[in-house]
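Heads up: the structure comes next, in structure tokens.
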Amino acid sequence: MISTVVDSNLFITFGIIGLFLAGMIAVLYATNRESTSFSDYAVGGRSYGPWYIAMCYTNSWWPGSTFTAFFALSVGGALGFYGMVYATLGVTAMYLMANRAWTWGQRFNLTTQPDLLGMRFNSPAVKRIASIIGIISVFPWVVMGIQALATLFQFASFGRWGVTTCLFAGVAVVLVRQYWTVSMGMRGLIMTDMFQGLIAYVLCAALCVFLLLGDSASFSHLSQLPSKMLLIPGGSGTTYGPLYMFSLIFTGVIGSMCWPMSFQRIYTASGVRSVKKGTLLTILLVGGFYGILMLFAAAISQDPNVAAHPQQGWFLSLFDIGGPWMLALAIVIVLAASIGHVDGCVQVCGTQFANDLATWSKPRTDRQLTVLAKSGMVVFIAAASVLAYLTFDYARLQLLAQISYQGIIQLAVPLFFGIFSRRGNKQGAIAGMLVGIVIAIVLTTIYPDDIPGLGSLTSGIIGLIANAAVFFACALAIKPSPAEVARVEQLFEMAATRRQPSGLATPVMN
Amino acid sequence: MKTDPSLAPPGRLKTLVFGVYFFLLLMMALFPPFYLSISGSNALVLGIPLPIFYWVLIAVLMGLGLWVLYVIESVTGEIPQEEGAK
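Quick look at the structure:
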């Protein structure tokens, strides 16, 4: 922790935080308008262009821990750069599924990812199971996001505030911010994601490039990294088996569209073109920002202070380089990323509660759905805030987060096969998800990191294999009715790619 | 200048070319013999150690490949135009 005896430093850090929060609230007030329907509230009326899609996705993808946990990985070695690979390969799936996911979304007024699964497999049960898995998996990340904000306030106060005070401050910031998430829904989220994203990712990347051109974290330091930093886990001289990196990257790639907040970005787009162009811009943002940040982490890794406390390396290094002003900038960047991520999680969980779960017994009107979504968000954030307080410094919370990642990827089987293939049925989707998540939970509890006896495969991959096996077995064993075959055929036909006259192309007859 | 879609790669060829391209990138990222072969290497590429450059390269090639795919799909009119996006 950084300490100071100069009171004016506190004015600098809290002053910059105050300016950031004021800017965020100004954006919210400037763009506030009443939602006209549940679709308007939940997915912003399907009206947003590529830059909004990209910034919103990036906010929901990189949490505040990117600046702590992932930063520490790159201070320690080349491992941290794997995030750049899985982030870019994963979001590519959004491009490839854009036609069907967006077209079905518009045609059937889908607002959530489980909504699509339920429609594709013609099963409310599939929708509800997927929704429950999604909400439960997101929850630990919101709790950790709130706790990360408390850590930010510890830095901002230069260690003068106690843990409890910092935690209250973190919770207060989140709760105040959520007032607008609840009242404005997706519109408020998208607008502030643009503001937060400019600070968290664009400003951060520019700052890191600037620092890499300087002396303290010079780009040239990269050529002098010690050999042990260049070892890839699974290779000789490391403790992991050969399949460890495979597991990490594969989980990240297929997990990308499984996170409900990531997938929901498709439905906020104004069309297939916006989704596809948004994907390209997303790659630029998620890959470019992350790669530059990790290059900075590797370049500063030999600083003794950073090497001793890699998780705090982002804050320590910027304070060493630029004093309290630079520290304030570092804090605001992480604050913007953290708030963006927590907002996305809260919004999607409230929406899923209303749309996927509260419609269990009877259909709801738009007004009822909106009220239920708002209520769900309030309960969700209140529960997360209480748990954040009760479990601060509770090491097992990290295990819950790991289980959640291994659990959420179990949605990949029905999601990917449901969108890219006409095969499969609701029985396979339900049984596969349940088998997969039970295996993932049990194995992650026993092997939180990797399974040494299986070449360092992770538990989620084992669950996924079982999940896929059940899905295929059901697809082979249970023949669909002619009506179901026709329904699925019609779904794929309505989203088939057709060549149309474009600004550049000459019209042709098909 | 207008481009005649009939001169653009047919759908199957496009799927094959980009399918192979993305598959190779996926293998670079997932197939252990590829990335483990450069583990610990001190070789520098553009001033960046090879084990780091390797991951950066995959991400850059994926981004570029998708941009090219988007351009081709735009030219051939496969992506519907839209109006009113914010």
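Going down the list, the protein sequences come from chains A and B.
Residue numbers are given in my numbering: position 501 of the first sequence equals residue 501, and the series is strictly consecutive.
Position in the second sequence (from 1) plus 1000 gives the number in my numbering.
Yeah, the Cβ is synthetic: ideal placement off N, Cα and C, and Gly gets one too.
Report the residue from the options whose alpha carbon sits nearest the alpha carbon of residue i.
{"i": "P1032/B", "options": "I232/A, I146/A, W104/A and G49/A", "result": "I232/A"}
{"i": "L198/A", "options": "A483/A, N59/A, V488/A and A495/A", "result": "N59/A"}
{"i": "G255/A", "options": "I409/A, S123/A, L19/A and T238/A", "result": "I409/A"}
{"i": "P242/A", "options": "P50/A, R107/A, T458/A and A466/A", "result": "T458/A"}
{"i": "V485/A", "options": "A466/A, F471/A, I441/A and K426/A", "result": "K426/A"}
{"i": "A269/A", "options": "S47/A, T238/A and M494/A", "result": "S47/A"}
{"i": "I283/A", "options": "G83/A, G77/A and S37/A", "result": "G83/A"}
{"i": "L211/A", "options": "G90/A, A87/A and W314/A", "result": "W314/A"}
{"i": "A354/A", "options": "I132/A, M24/A, I430/A and F420/A", "result": "I132/A"}
{"i": "L280/A", "options": "C349/A, A87/A and K479/A", "result": "A87/A"}
{"i": "D303/A", "options": "W161/A, N32/A, A72/A and F14/A", "result": "A72/A"}
{"i": "K127/A", "options": "L415/A, Y389/A and F420/A", "result": "L415/A"}
{"i": "C173/A", "options": "T238/A, S247/A and F153/A", "result": "The residue asked about is misnamed: residue 173/A is Val in this sequence, not Cys. Here the closest residue by C-alpha is F153/A."}
{"i": "I25/A", "options": "Q196/A, F38/A and P363/A", "result": "Q196/A"}
{"i": "T238/A", "options": "G77/A, Y389/A and S247/A", "result": "G77/A"}
Taking 7 angstroms as the limit between beta carbons, can you name the residues of its chain near residue i, skipping five residues before and five after?
{"i": "A384/A", "result": "F139, V142, V143 and I146"}
{"i": "W325/A", "result": "I12"}
{"i": "A200/A", "result": "I333, A336, A337 and G340"}
{"i": "Y240/A", "result": "P233, G234, D450 and S456"}
{"i": "V1071/B", "result": "none"}
{"i": "Y447/A", "result": "S459"}
{"i": "R107/A", "result": "M494"}
{"i": "N99/A", "result": "V272, A495 and T497"}
{"i": "P50/A", "result": "S274, K277, G278 and L281"}
{"i": "A520/A", "result": "Lying outside 1 to 510, the shown extent of chain A, residue 520/A is not represented and no answer is given."}
{"i": "S317/A", "result": "A217, I300, D303 and V306"}
{"i": "V442/A", "result": "none"}
{"i": "Y1054/B", "result": "Y1035 and I1038"}
In chain order, what residues of the same chain have a beta carbon less than 6 angstroms from the beta carbon of residue i, not counting five sequence neighbours either side?
{"i": "Y41/A", "result": "S35, G185 and T370"}
{"i": "S74/A", "result": "G80, M294, A297 and A298"}
{"i": "D343/A", "result": "T181 and L189"}
{"i": "M1001/B", "result": "Confidence in M1001/B is poor, its pLDDT being 44 and thus under 50, which makes the residue's placement unreliable; the coordinate value appears in the next sentence. Nothing listed; no residue qualifies."}
{"i": "F20/A", "result": "V332"}
{"i": "S137/A", "result": "S404, G407 and I408"}
{"i": "C166/A", "result": "A150, F153 and Q154"}
Looking only at its own chain, which residues have a Cβ that is under 8 angstroms from the Cβ of residue i, when we skip the five neighbours before and after it?
{"i": "G322/A", "result": "L329"}
{"i": "I1058/B", "result": "L1025, M1028 and A1029"}
{"i": "A473/A", "result": "G428"}
{"i": "L411/A", "result": "Q113, L117, A130, I133, G134, C258 and M433"}
{"i": "G418/A", "result": "L116, L117, R120, F121, G424 and A429"}
{"i": "E1082/B", "result": "none"}
{"i": "F492/A", "result": "R100 and R422"}
Which whole-angstrom value is the C-beta distance of residue i and residue j, which I expect to be below 8 angstroms?
{"i": "G520/A", "j": "L28/A", "result": "The structure shown does not extend to residue 520/A, since chain A is modelled only from 1 through 510, so no value can be given for it."}
{"i": "A148/A", "j": "G18/A", "result": "Between G18/A and A148/A the Cβ distance is about 19 angstroms, and since that is not below 8 angstroms, they are no contact."}
{"i": "V435/A", "j": "I381/A", "result": "Not confirmed; about 32 angstroms, so no contact."}
{"i": "T103/A", "j": "V272/A", "result": "7 angstroms"}
{"i": "S1041/B", "j": "L230/A", "result": "7 angstroms"}
What's the C-alpha gap between residue i and residue j?
{"i": "S481/A", "j": "M377/A", "result": "40 angstroms"}
{"i": "Y523/A", "j": "E489/A", "result": "Outside the shown range of chain A, which is 1 to 510, sits residue 523/A, and nothing can be said about it."}
{"i": "A505/A", "j": "G424/A", "result": "With a pLDDT of 42 at A505/A, under the threshold of 50, the predicted position of this residue should be treated as unreliable, and no value is reported."}
{"i": "G118/A", "j": "G463/A", "result": "22 angstroms"}
{"i": "Q352/A", "j": "S218/A", "result": "46 angstroms"}
{"i": "L1050/B", "j": "G291/A", "result": "14 angstroms"}
{"i": "F1018/B", "j": "L10/A", "result": "54 angstroms"}
{"i": "Y52/A", "j": "W61/A", "result": "14 angstroms"}
{"i": "T1003/B", "j": "G1011/B", "result": "Residue placement at T1003/B cannot be trusted, given a pLDDT of 47 that sits under 50; what the coordinates show is reported in the next sentence. Those two C-alpha atoms are separated by around 16 angstroms."}
{"i": "V1075/B", "j": "L285/A", "result": "25 angstroms"}
{"i": "I190/A", "j": "Y179/A", "result": "15 angstroms"}
{"i": "G503/A", "j": "E1073/B", "result": "Low per-residue confidence applies at G503/A: pLDDT is 47, beneath 50, and the placement is therefore not dependable enough to give any value."}
{"i": "L1046/B", "j": "V1056/B", "result": "12 angstroms"}
{"i": "A22/A", "j": "A156/A", "result": "17 angstroms"}
{"i": "T251/A", "j": "Y244/A", "result": "11 angstroms"}
{"i": "C208/A", "j": "T1015/B", "result": "38 angstroms"}
{"i": "Y1035/B", "j": "L387/A", "result": "40 angstroms"}
{"i": "P507/A", "j": "I1079/B", "result": "In this prediction, P507/A has a pLDDT of 35, which is less than 50 and means its spatial position is unreliable; what the coordinates show is noted afterwards. Cα to Cα, P507/A sits roughly 14 angstroms from I1079/B."}
{"i": "L1066/B", "j": "A205/A", "result": "22 angstroms"}
{"i": "V55/A", "j": "S262/A", "result": "The question names Val, but residue 55/A is Met in the sequence shown. When rounded, the distance between both Cα atoms is 11 angstroms."}
{"i": "A525/A", "j": "K228/A", "result": "Residue 525/A lies beyond the range of chain A shown here (1 to 510); nothing can be said about it."}
{"i": "L1007/B", "j": "L1013/B", "result": "Below a pLDDT of 50, predicted positions are generally treated as unreliable, and L1007/B, at 47, falls in that range; the measurement from the model is reported next regardless. Distance between the alpha carbons of L1007/B and L1013/B is about 12 angstroms."}
{"i": "L171/A", "j": "A401/A", "result": "Correcting the residue identity first, residue 171/A is Val in this sequence and not Leu. Approximately 19 angstroms, taken between the alpha carbons."}
{"i": "L96/A", "j": "V176/A", "result": "38 angstroms"}
For residue i, write down the residues that DSSP places opposite it in a beta bridge.
{"i": "Y95/A", "result": "Partner(s): none; Y95/A has no beta bridge."}
{"i": "V1045/B", "result": "I1048/B"}
{"i": "Y48/A", "result": "A269/A"}
{"i": "I451/A", "result": "L457/A"}
At a CB-CB cut-off below 7 angstroms, which residues of chain C make contact with residue i?
{"i": "Y1035/B", "result": "The structure shown contains no chain C; its protein chains are A and B."}
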